[in-house]
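Below: the structure, in structure tokens.
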Amino acid sequence: MRNLPLPTLKAERLFDDCISGIANASTRADFAGARKQFKDAESNYLNAASNHVLYQLQPTTQKNEEVIYNGLTKSQIKSLYSEHMVPDSKVARQHYDSLVMSAPYRKCPFCGFGRATTLDHYLGKSEYPWLSIVPINLIPACKDCNHGKGTARARTAANQTIHPYFESPELSSSQWLFASVIETTPLSIDYKVVPPAHWDVPFSKRVVKHFEDFDLKVRFAIESAPVLASLRGTLTKLQAKSGRTAVKDHLSVVAEGEEQLYLNSWKTALYQALAQNDWYIDGGFSME
5 MRNLPLPTLK AERLFDDCIS GIANASTRAD FAGARKQFKD AESNYLNAAS NHVLYQLQPT
65 TQKNEEVIYN GLTKSQIKSL YSEHMVPDSK VARQHYDSLV MSAPYRKCPF CGFGRATTLD
125 HYLGKSEYPW LSIVPINLIP ACKDCNHGKG TARARTAANQ TIHPYFESPE LSSSQWLFAS
185 VIETTPLSID YKVVPPAHWD VPFSKRVVKH FEDFDLKVRF AIESAPVLAS LRGTLTKLQA
245 KSGRTAVKDH LSVVAEGEEQ LYLNSWKTAL YQALAQNDWY IDGGFSME
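To convert, take the position in the sequence shown, counting from 1, and add 4; that gives the numbering used here.
Next up, the structure:
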């Protein structure tokens, strides 16, 4: 759930590189006649996304084998992505790689910890074939986020998930992800979203919706488990050598470092929660 800079690559450039790989001259000519459709789709998408109303864009109702435009079927239009952008041998593959690499540290912006290795269509190409190769609809993602998100189309602004290219900087500058220590044996961490009071309701609901749709509560807890196991030995030695204050200081310093890297990461929330929990600092870290 992180902001990403808007791609500078335009749909027309990507379209031209995609159709350059079509061997059949007649099919290539059919696509060339549809160039404006992709440009218009990009323009409409940009306007809707900038106003957080992508849910208002109407999906295509035709079946894959039906002709949509200029003799081209829905399946053919979608194939520009799968057959002429994704394959390593195609000219447009350079743009695929560039978009994937745009994620800072190669981290997936949807979850913040998975390795970005693929592109996610924010609006799926099955319902929006004209957006199949529109760069601002293609977001670097890890495989878990790409395949694990829900497929139901949003019907309201609040039912949309986060769009990394179009969200307010508040997504990164204000803290909304928090964690708490569950004082059990073994201990566990509970993650939750608490939107800042000054956020508008639709934005707050999008963040909560995203957190739920991508199953981040469970996934963050899973990521936390090995960290807690590692801290057990480290903090036991630190407590024996330097006492309780040293344990708290260590956790606080790490929390501050994680905050500087990314305020709303699962690690930031984890270390903040640990540093503020007396039970944990007083020896809860040793509970297996």
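Note that the Cβ used here is the ideal one computed from N, Cα and C, for glycine as well.
{"query": "Beta-carbon gap between LEU123 and ALA145 smaller than 9 Å", "result": "yes"}
{"query": "Proximity below 9 Å, CB of SER136 to CB of LEU84", "result": "yes"}
{"query": "Stretch pair the region 201-208 + the region 218-236: three plus CB contacts closer than 8 Å", "result": "no"}
{"query": "At least three beta-carbon pairs within less than 8 Å, the region 217-230 to the region 248-264", "result": "no"}
{"query": "PRO133 beta carbon less than 9 Å from that of THR31", "result": "no"}
{"query": "Unbroken stretches of the beta strand (DSSP E), 3 residues or longer, contained in the region 89-162", "result": "122-125, 142-145"}
{"query": "Short Cβ contact (9 Å threshold) for ASN7 with LEU175", "result": "yes"}
{"query": "Helix, strand or coil at THR77 according to DSSP, with G and I counted as helix", "result": "strand"}
{"query": "Residues near PRO294 by beta carbon distance below 8 Å, same chain, minus five either side", "result": "Any question about residue 294 goes unanswered here, given that the chain covers just 5 to 292."}
{"query": "Contact under 9 Å by Cβ, ARG159 with TYR59", "result": "yes"}
{"query": "Closest residue to ALA244 among ASP101, VAL212, ILE285 (Cα-Cα distance)", "result": "ILE285"}
{"query": "Residues bridged to ILE186 (per DSSP)", "result": "SER192"}
{"query": "The region 68-79 touching the region 33-52, judged by at least three CB pairs closer than 8 Å", "result": "yes"}
{"query": "Pair within 9 Å by beta-carbon distance, MET89 and LEU220", "result": "no"}
{"query": "Inter-residue spacing [alpha-carbon to alpha-carbon] between ALA120 and ASN150", "result": "10 Å"}
{"query": "Every unbroken alpha helix (DSSP H) inside the region 240-281 [4 residues or more]", "result": "248-265, 270-279"}
{"query": "Nearest-angstrom Cβ-Cβ length linking PHE207 and LEU239, presumed shorter than 8 Å", "result": "Contact doesn't hold; Cβ gap of about 38 Å is too wide."}
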